[in-house]
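In the working numbering, the protein residues as written are 6 to 432. Some notes on the structure that comes next.
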Ligand code: ATP
């Protein structure tokens, strides 16, 4: 069974994720992505964008600013209601979320049961920022969810593109929350990236139910297609009292993490809450009717996805540690090795192969140690294929391609290599 500690250690050792501001002792709730982590996140975002925008006729994208006119956050209800209940331990003054009972229990154990809590207080999660040079400076917020950037551009998108209801607007970007208890590595951070779809439909109960179910299935399938096993995924409906202020109903897609079932993504029926608050309506061209559309939202986290895909992929086998990531997500697609590093013809040929593959794929070069050690290093970071240039290559222009999961090798002609990998990546 994989533990979180193993992933944290591997992430730092191999360059996936480091603690934020590491040389100054870190800063709670912030993380930096290293050379491999940035590729993994990029691959996740590209896969999401492809399935949600590129392959669809009914969804377009936007990329709105992180800082918005503060009136947006008043209208959306976030200045009033974007809160978590906070309690404080009267013994050591540590603060906890009142709705996370397990964390409180654990803390009570640390004090051997002798603990008293303050009454729950509502704590606003928005991060304030101050703009301009003259006092008083203009107060605004770092966005607490990327969603509002879509709603404020609802009219712009309709006026400048050819979308018609039902249609969606997709966005990926950073959000910030002054979380009371950041933790479980990147799972709960104060700065994180979201990938969201706001899907606009007619205000009709049946339509609402139909699209809510549709998007639940689509999003569940996406995680499974990319390699999360069915057994580690489930839906969990929100109870009425835990629903966000904007949600008519809500379901989470949860992952079985080492720290328990945890939210991967939320599917929310936001009704006409947001467009209503921003006083935005939709005019149907043909019927001539005007109405406030309803919204079905899918809201996932890039950082949570990166963490959960790493947890899912991590396998300790008899002779190796291997990240069985879907090749689409792997930071490096192929590593190129010269069989020996002291034969100039072999090294030159391998460099040629490396340069050739580099035009189309993320590739790595390794000429240290022996081939066995190089395979182990690539297995540990999830590289699906290793390409070795050997003596036979000099005679017939073929290389060996070794598969991470089966460890089997095939000989492939150099002229076929790019196509070979591209086809595998499309499977
Ligand atoms: P939680 O109950 O865990 O605090 P939430 O229900 O407030 O989460 P949403 O507002 O629905 O979360 O946010 C949508 C998605 O954004 C989440 O499913 C998650 O993937 C991501 N997300 C939210 N908060 C964080 C965070 N603090 N750190 C990392 N990702 C987050």
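Positions of the beta carbon are idealized from the N, C-alpha and C atoms, including for glycine.
- Between the ligand ATP and the CB of residue 203, the shortest heavy atom gap is not smaller than 7 Å.
- Proximity to residue 115 across 123, 103, 99 and 128 peaks at 99, based on C-alpha coordinates.
- Residue 154 has its CB no nearer than 7 Å to any heavy atom of the ligand ATP.
- Between residue 193 and residue 73, the gap from beta carbon to beta carbon reaches 8 Å or more.
- For the pair residue 264 and residue 185, the CB atoms are not nearer than the 8 Å cut-off.
- For residue 319, the uninterrupted beta strand (DSSP E) segment begins and ends at 319-321.
- In this structure, residue 270 has its CB closer than 7 Å to one or more heavy atoms of the ligand ATP.
- Residue environment: residue 101 is assigned as buried (16 or more neighbouring CB atoms within 10 Å of its CB, all protein chains considered).
- Here DSSP, grouped into helix, strand and coil, assigns residue 230 to helix.
- Taken in chain order, the whole alpha helix (DSSP H) runs of length 4 or more contained in the stretch 246-325 are 278-282 and 307-318.
- Residue 430 has its alpha-carbon roughly 41 Å from the corresponding atom of residue 130.
- For the 8 Å CB-CB criterion, residue 23 and residue 39 form a contact.
- With respect to the 8 Å criterion, residue 37 and residue 25 are classified as neighbours on the basis of their beta carbons.
- Closer than 7 Å to some heavy atom of the ligand ATP: that describes the Cβ of residue 199.
- In terms of Cβ geometry, residue 151 and residue 162 do not form a close pair [threshold 8 Å].
- Between residue 164 and the set 377, 285 and 423, the nearest pair of CA atoms involves 285.
- Positions of the beta strand (DSSP E) runs, each at least 3 residues long and wholly inside the stretch 86-154, are given as 88-93, 100-102, 126-129, 132-136 and 143-147 in order along the chain.
- Each of 323, 392 and 327 was checked against the Cα of residue 355, and the nearest Cα belongs to 392.
- Between residue 159 and residue 180, the C-beta spacing is not below 8 Å.
- Contact annotation: residue 379 and residue 342 have beta-carbon atoms nearer than 8 Å.
- According to the DSSP assignment, residue 23 belongs to the beta strand (DSSP E) that extends over 22-24.
- Burial check for residue 338: the Cβ neighbour count within 10 Å reaches 16 or more, so the residue is buried.
- C-alpha of residue 217 to C-alpha of residue 296: approximately 20 Å in a straight line.
- According to the DSSP assignment, residue 77 belongs to the alpha helix (DSSP H) that extends over 75-80.
- Contact check for residue 384 and residue 409: beta-carbon distance about 6 Å, within the 8 Å limit, so the pair qualifies.
- Here the C-alpha atom of residue 353 lies approximately 36 Å from the C-alpha atom of residue 311.
- In this structure, residue 35 lies near residue 195, with their beta-carbon atoms less than 8 Å apart.
- Judged by their CB atoms, residue 394 and residue 344 are nearer to each other than the 8 Å cut-off.
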